[in-house]
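> Once you've had a glance at the structure underneath, I'll fire off some questions.
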Amino acid sequence: MNPTTEKKVFMETFGCQSNVLESDHVSSLLVKDHFSFTNEINDADVILFNTCSIRAHAEDKVFSRLGQLGEWKKQKEGRVVGVMGCMATSYKDQLLERAPHLDMVVGPDQYLKVPQVIREASQTGKSQVLADFDPIYFPENDVNRLSQPHKAFIEIMKGCDKFCTFCVVPFTRGREISRPSEDIVFETQKLAQAGVKEVMLLGQNVNSYGLGLKSRGKTITFSELLREVARVKGIERVRFMTSHPLDLPDDLVEVMASESSVCESIHLPVQCGSDRILKRMSRKYTVEHYLERVQKLRSSIKDLFMTTDLIVGFPGETDEDFQGTMDLLEQIRYDAVYSFKYSPRIGTVAARMLDQVPEEVKDERLARLNELAWKHAAQACETRLGKVEEVLVDGPADKTPGGFYGKSRQNRTVVFLGDGYRTGDMVKVKIDRHKVANLYGTVQS
Ligand code: SAH
Ligand code: SF4
Ligand code: F3S
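In my numbering, the protein residues as written are 2 to 446.
Here is the structure:
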């Protein structure tokens, strides 16, 4: 019998879509290596946390989980605890000091080794740390084991060279590297043949895709890649994230406007509405530049769904700077806002700035910002009332008996009543009401 036949893995994923994609990738490697999965910690032989370092809160959750595992490990011989993801590359072997029950620390470019490292840890009891970057390695979907039959993430680039002063990603994910476009298009074709209808192209900064890359002897831009992916037979929807506002060229807007499978949706993180703070963040654009790009997008793409990320309480942020952010929100009126309190990250420039903002000021600003953002989100939902949305069905709706839910092209959640729908169906739904950010409607025959 294979020694891993009996090993059951419990895996928990934190952080961004890259981690979600990579957890699926590792799961499929483990299944191929005869591991199985369980949702019960007490039933498991292996616990893997795929972690995120973006804010202190994300790391604290993992440290507290790790702290609780001493007893669990003692209960059965050969049990293994592992940390993957960005905490692996930010802490490396220091993690072993902070979490003595830890057997393995494996960074994002070393995932092919996860099955082997688990086996070795279980047999020898020795801890291993593998956190080096590998420029060639990219995780891929296993078309025989998709976590969703109709939608998939595709990693098109990794790392980041922007070095925004608040951000840990350039350290946890390394230098920015684009994946060859042939590989991306080939993966998209394989996914389409397996029945996938929607792909989301992932990168920290997709607009700079192609820098330093030659494909078929030529350079390639993100706009060109997006057009190629959009034309893959069987792919009905393409999304992408994240776009940096600095390099959002007109030709990308044109591809979004002209390729019918590219959805009317963009995540365009602004971070704040004060030029002084944007400069200290090293975002390299001004509020005026950002507004001009938004204007270009909105005038070219009808019904564009626009979301953003905002940080409150960046070092040195005054009431006036914060008012700039509130004014920007009022001007743009986003469909959804992801807002965060600034969290100092070790090794970043902003963490060393002397004028850190007190926690209670951050709390108060975040509450005001969220209140305004929610008001806009609700008003934006109202503009959908009476409209017919094309919904890609995700499955039965938990809280609506007899109901199904899915996403509109804009990426809004739509709930409707019906019979016999399957995940992956495209359904036309007329919207009659909304509750918070969810739309509810009736199927159009
Ligand atoms: N590459 C993307 C964002 C990646 S991180 C971009 O450039 O926009 C996702 C979001 O987390 C960021 O947009 C930012 O709003 C937030 N974030 C990153 N570092 C943070 C920190 N130190 N404190 C609070 N929020 C942070
Ligand atoms: Fe972080 Fe800035 Fe890179 Fe985004 S662009 S990942 S915020 S350094
Ligand atoms: Fe977090 Fe790493 Fe993603 S820090 S946001 S898991 S790239």
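C-beta: ideal position from N, C-alpha, C; glycine also.
Pull the bridge partners of M85 from the DSSP assignment, please.
N51, V107.
> Please classify I432: does DSSP put it in a helix, a strand, or coil?
strand
> Any heavy atom of the ligand F3S inside 8 Å of the beta-carbon of T52?
The nearest non-hydrogen atom of the ligand F3S is less than 8 Å from the C-beta of T52.
> Looking at the unbroken beta strand (DSSP E) that takes in A153, where does it start and where does it end?
Start and end: 152-156.
> Residues in its own chain within less than 8 Å of E255 by CB, not counting five upstream and five downstream?
Contacts found: S224, S301.
> Count the other CB atoms, across all protein chains shown, that sit within 10 Å of the CB of I432; report buried if there are 16 or more and exposed otherwise.
buried
> Using the beta-carbon count (16 or more within 10 Å), is D94 buried or exposed?
exposed
> In terms of alpha-carbon separation, which member of V233, F172, V169, L212 lies closest to E199?
V233
> State yes or no: is the C-beta of L212 nearer than 8 Å to some heavy atom of the ligand SAH?
no
> Short of 7 Å in beta carbon distance, which residues of its chain neighbour V271, apart from the five on each side in sequence? Order them along the chain.
Listed in chain order, the non-local C-beta contacts of V271 below 7 Å within the same chain comprise P246, Y291, T309, L311, L329, local neighbours out to five positions each way being set aside.
> For the ligand SAH, I want to know if D61 counts as a neighbour, meaning its beta carbon is within less than 8 Å of at least one of the ligand's heavy atoms.
no
> Is any heavy atom in the ligand SF4 found nearer than 8 Å to the beta carbon of C87?
It does not: the Cβ of C87 is nowhere closer than 8 Å to a heavy atom of the ligand SF4.
> Along the chain, where does the beta strand (DSSP E) containing Y335 start, and where does it finish?
Run containing Y335: none; DSSP gives neither H nor E here.
> Mapping the DSSP letters down to three states, classify I302 as helix, strand or coil.
coil
> Specify the secondary structure class of R240 as computed by DSSP and reduced to three states.
strand
> In chain order, what residues place their C-beta within less than 6 Å of a heavy atom belonging to the ligand SF4?
Listed by position in the chain, the residues whose beta carbon lies within less than 6 Å of some heavy atom of the ligand SF4 are C161, K163, F164, C165, C168, V170, P171, Q205, N206, H245.
> Does the beta-carbon distance from D276 to T287 come in below 9 Å?
yes
> Should the segment 255-266 be regarded as contacting the segment 407-415, the criterion being three or more beta carbon pairs within less than 8 Å?
yes
> DSSP three-state label for S128, please.
Three-state result, S128: coil.
> Give the single residue among E98, L440, K191 whose Cα lies nearest to the Cα of V144.
Comparing Cα-Cα distances from V144 to each of E98, L440, K191, the minimum goes to K191.
> Note the first and the last residue of the continuous alpha helix (DSSP H) segment covering N439.
No alpha helix (DSSP H) holds N439; the beta strand (DSSP E) holding it covers 439-444.
> List the whole-angstrom C-beta distance separating G16 from C87, where the pair is believed to meet the contact cut-off of C-beta under 8 Å.
7 Å
> Give a yes or no on contact between the segment 173-182 and the segment 75-90, applying the rule of three or more CB pairs nearer than 8 Å.
Contact holds: three or more Cβ-Cβ distances are below 8 Å.
> State the start and end residues of the unbroken beta strand (DSSP E) segment that holds H268.
Taken as a continuous stretch (DSSP letters only), the beta strand (DSSP E) holding H268 covers 266-268.
> In chain order, what residues of the same chain have a beta carbon less than 6 Å from the beta carbon of L227, not counting five sequence neighbours either side?
V256
> Excluding sequence positions up to five away, which residues of its chain have a Cβ less than 7 Å from the Cβ of P150?
G196, T424, G425
> May I ask you to report which of helix, strand or coil DSSP gives K285?
coil
> According to DSSP, is T5 part of a helix, a strand, or is it coil?
Interpretation of T5 is limited by its pLDDT of 49, a score under 50 that renders its predicted location unreliable; the figure taken from the coordinates is listed afterwards. T5 falls in the coil class under three-state DSSP.
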